[in-house]
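The sequence shown begins at 937 in the numbering used here and counts up by one. Every residue, glycine too, gets a C-beta built ideally from N, C-alpha and C.
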Amino acid sequence: MSFSGSALPVDTPVQLPTASTNASEQEFVELRLAQVPLRQTVELVRIDLPPEQAEPLLERGVLPGCRICPVRSSPSGDPIISIDGSLLAFRKETAACLCVRLITQFRDAG
937 MSFSGSALPV DTPVQLPTAS TNASEQEFVE LRLAQVPLRQ TVELVRIDLP PEQAEPLLER
997 GVLPGCRICP VRSSPSGDPI ISIDGSLLAF RKETAACLCV RLITQFRDAG
């Protein structure tokens, strides 16, 4: 499978945005699915693949805005994710093309 020039190799470091000091701004950290630790729920922001390569993902419900949770890794290190109650296996190269953001949950002090 070939990837467009916008795809990042799996081991490419991603610069994370700095934390906002303005409470009115939405706080999030954006990274690649390949970098997400197991059991960390994230939200898909975008798919950095050409349309013909993104279509099979879209058909399986991998859509911007969906929540994804890597639950385990295959013996070769490829991520296995949970999405809407289903398990899907991705290649590391595909996971590196899925831009996600960490979901931060705040508790009320009351």
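Identity of the residue in Ala1025, Cys1002, Asp1020, Gly1021 nearest Ser1012 by Cα: Ala1025
For Ser1009, the residue or residues it bridges with in DSSP: Residue pairing by DSSP places Ser1009 opposite Pro1015 in a beta bridge.
Euclidean distance between Cα positions of Val965 and Glu988: Straight-line Cα distance between these residues: approximately 28 Å.
Contacts around Val981, its chain only, beta-carbon distance under 7 Å, and the 5 residues preceding and following it disregarded: Glu966, Pro1000, Cys1035, Val1036, Arg1037
Separation of Ile1039 from Asn958, as counted between CA atoms: Unreliable positioning characterises Asn958 in this predicted model, as indicated by a pLDDT of 43, which lies under 50. The coordinate reading is nonetheless provided below. Cα to Cα, Asn958 sits roughly 18 Å from Ile1039.
Cβ-based neighbour list, Ile1017, same chain, cut-off 6 Å, excluding 5 preceding and 5 following: Ile1004, Pro1006, Leu1024
Pairwise C-alpha distance: Lys1028 and Thr977: 18 Å
Inter-residue Cα distance where the pair is Arg975 and Gly997: 19 Å
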